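First comes the structure, then the notes that go with it.
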Amino acid sequence: MTAVDELLNSYRLWLVEERGLAETTIVRYLRTARIFLGRRDPAAAVGDVDGAEVNRFLLAEVRRCSVGAAKGRVAELRALLRFLFATGRISVQLGAAVPPVAGWRDTGLVPRLSPDAVQGLLDSCDRATPMGVRDHAILVLLARLGLRSIEIARLTLDDVHWRQGELTVRGKGGGVNRMPLPPEAGQALAAYLTTGARPTSEFRQVFLTCRAPLRPIPAAAVGDIVRHACRVAGLPEVGAHRLRHALATAMVARGVPITAISQVLRHRDLATTALYAKVDLDALRTVAKPWPGTSR
53 MTAVDELLNS
63 YRLWLVEERG
73 LAETTIVRYL
83 RTARIFLGRR
93 DPAAAVGDVD
103 GAEVNRFLLA
113 EVRRCSVGAA
123 KGRVAELRAL
133 LRFLFATGRI
143 SVQLGAAVPP
153 VAGWRDTGLV
163 PRLSPDAVQG
173 LLDSCDRATP
183 MGVRDHAILV
193 LLARLGLRSI
203 EIARLTLDDV
213 HWRQGELTVR
223 GKGGGVNRMP
233 LPPEAGQALA
243 AYLTTGARPT
253 SEFRQVFLTC
263 RAPLRPIPAA
273 AVGDIVRHAC
283 RVAGLPEVGA
293 HRLRHALATA
303 MVARGVPITA
313 ISQVLRHRDL
323 ATTALYAKVD
333 LDALRTVAKP
343 WPGTSR
């Protein structure tokens, strides 16, 4: 085990015992910590970390990610520096050296994925293969129910209630919801579970890897499945969350009330759901005033 591995093991324990973070959050924090430590000179001691080094790393990271992701990097890096200081590995609390990331909510439009593009993703799966059957079921749950990647990964066989036509969804912050299981989603799940596409296993998670070693798929793999489908369909690559956006924007276009959309997406704050209302450009055009000197 390397010195970095030992440090990260201690960091994980600290995140659990001192911060009480969820496992998915810990994974993100550890990933950023590993990247930061991995870019340092192997001969440099951890105690030599300084503010300039912290800023160089952060600037390199934020140039290639969104405002939301950049804010996440800031939180993750500050946590690592807090750990190093709390455990005596550095002598100065460098958290103050991590600059905040400026950014405001509701300032931009959520990029739209059209219904035809969504259908193209669903049709891209080769359902003559076990992997294609699995990927199609995952894409249907993302596109028709608006599930998150982590909710797909957490889904177990016990969460599928066939007689009631419902699905138990284990979401963010420990939230548990019962959702209707539409026929399309039920058929896609049944095809995966009853035709031999899902390998025989003692794992209770619904979705498993198709190749050895056999194990439940992680949340990150859901995004990989979506990006692969984009490539096959000849579409620009998007993440799994874009299908959740697509469902919401389609509901907005059909005139579904924001409160109902919020219930489907299981948002705790209506302001989060309201972001999707801005992408209904056709509706916005009906209320927009003509620009001076032009005809409407």
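FYI, the numbering for the sequence shown is 53 to 348, going by my numbering.
Positions of the beta carbon are idealized from the N, C-alpha and C atoms, including for glycine.
Note that this is a predicted model, so its numbers are computed, not measured.
Extent of the continuous beta strand (DSSP E) run through residue 232: For residue 232, the enclosing beta strand (DSSP E) covers residues 228-232.
Residue 150 vs residue 130 beta-carbon contact at 7 Å: For residue 150 and residue 130, yes; Cβs fall inside 7 Å.
Residue 279 versus residue 139 - alpha carbon distance: Taken atom to atom, the span from the alpha-carbon of residue 279 to that of residue 139 is near 40 Å.
Inter-stretch contact (C-beta, 8 Å, three-pair minimum) for the segment 295-313 and the segment 164-175: At 8 Å Cβ cutoff, the stretches touch.
Euclidean distance between Cα positions of residue 339 and residue 224: Any reading at residue 339 must be qualified, since the residue scores a pLDDT of 47, below 50, and its modelled position is unreliable; the value itself is stated next. Counting only the Cα atoms, residue 224 lies some 36 Å from residue 339.
Residue 188 beta carbon less than 7 Å from that of residue 179: Going by C-beta atoms, residue 179 is nearer than 7 Å to residue 188.
Range covered by the alpha helix (DSSP H) that runs through residue 192: First-last of the alpha helix (DSSP H) with residue 192: 182-197.
Own chain, CB closer than 6 Å to residue 318, minus 5 neighbours either side, in chain order: Hits under 6 Å: 223 and 229.
Contained alpha helix (DSSP H) runs [length at least 4] in the segment 207-295, N- to C-terminal order: Runs found: 235-246 and 271-285.
Reduced DSSP category for residue 97 - H, G, I as helix; E, B as strand; rest coil: Secondary structure of residue 97 (DSSP, three-state): coil.
Straight-line Cα distance separating residue 101 from residue 249: Using only the alpha carbons, I get a separation of about 50 Å.
8 Å Cβ shell around residue 73 - same chain, five flanking residues per side excluded: Result list for residue 73: 67 and 81, in chain order.
8 Å contact criterion, which residue 274 and residue 241 should meet: CB distance rounded: Going by Cβ atoms, the distance from residue 274 to residue 241 rounds to 15 Å, so no, they are not a contact pair.
Limits of the unbroken alpha helix (DSSP H) element including residue 105: Where residue 105 is concerned, the enclosing alpha helix (DSSP H) stretches over 103-114.
6 Å Cβ shell around residue 55 - same chain, five flanking residues per side excluded: Counting only Cβ-Cβ distances below 6 Å, and skipping sequence neighbours, we find nothing.
Environment of residue 98 [buried if 16+ CB atoms lie within 10 Å]: Residue 98 should be labelled exposed.
Continuous alpha helix (DSSP H) stretch holding residue 139: start and end: Following the DSSP letters along the chain, one finds residue 139 in no alpha helix (DSSP H), marked with neither H nor E.
CB of residue 106 within 7 Å of CB of residue 146, strictly: The answer is yes: Cβ separation under 7 Å.
Cβ-heavy atom distance, residue 185 to the ligand HEM, below 6 Å: Looking for the ligand HEM in the displayed structure turns up nothing, as the structure carries no ligands at all.
Segment contact, 8 Å Cβ cut-off, at least three pairs: the segment 214-222 with the segment 282-295: With a cut-off of 8 Å, the segment 282-295 and the segment 214-222 do not count as touching, because too few Cβ pairs lie within range.
Contact belief for residue 144 with residue 209 at Cβ below 8 Å, rounded distance in angstroms: About 51 Å separates the CB atoms of residue 144 and residue 209; that is not less than 8 Å, and the two are not in contact.
Cutoff 8 Å; reference residue 267; Cβ partners in own chain excluding five residues on either side: The beta carbon of residue 267 sits closer than 8 Å to those of 255, 260 and 261, all from its chain and outside the five residues before and after it, given in chain order.
Anticipated Cβ contact below 8 Å, residue 281 with residue 193, distance rounded: Between residue 193 and residue 281 the Cβ distance is about 13 Å, and since that is not below 8 Å, they are no contact.
Cβ neighbour criterion (16 or more within 10 Å) applied to residue 59: When all chains shown are included, residue 59 counts as buried.
Simplified DSSP state of residue 119, which is helix, strand or coil: Correct three-state label for residue 119: helix.
For residue 147, three-class secondary structure by DSSP: The answer is helix: DSSP assigns residue 147 an H, G or I state.
Length of the line joining the Cα atoms of residue 326 and residue 310: Taking the straight line from one Cα to the other gives about 7 Å.
Residues near residue 232 by beta carbon distance below 7 Å, same chain, minus five either side: Cβ neighbours of residue 232 beyond the five flanking positions: 217 and 218.
Three-state secondary structure (DSSP) of residue 54: Coil, per DSSP.
8 Å contact criterion, which residue 197 and residue 243 should meet: CB distance rounded: So it is not a contact: roughly 16 Å between Cβ atoms.
Assigned exposure category for residue 176 - 16 Cβ within 10 Å defines buried: Buried is the call here.
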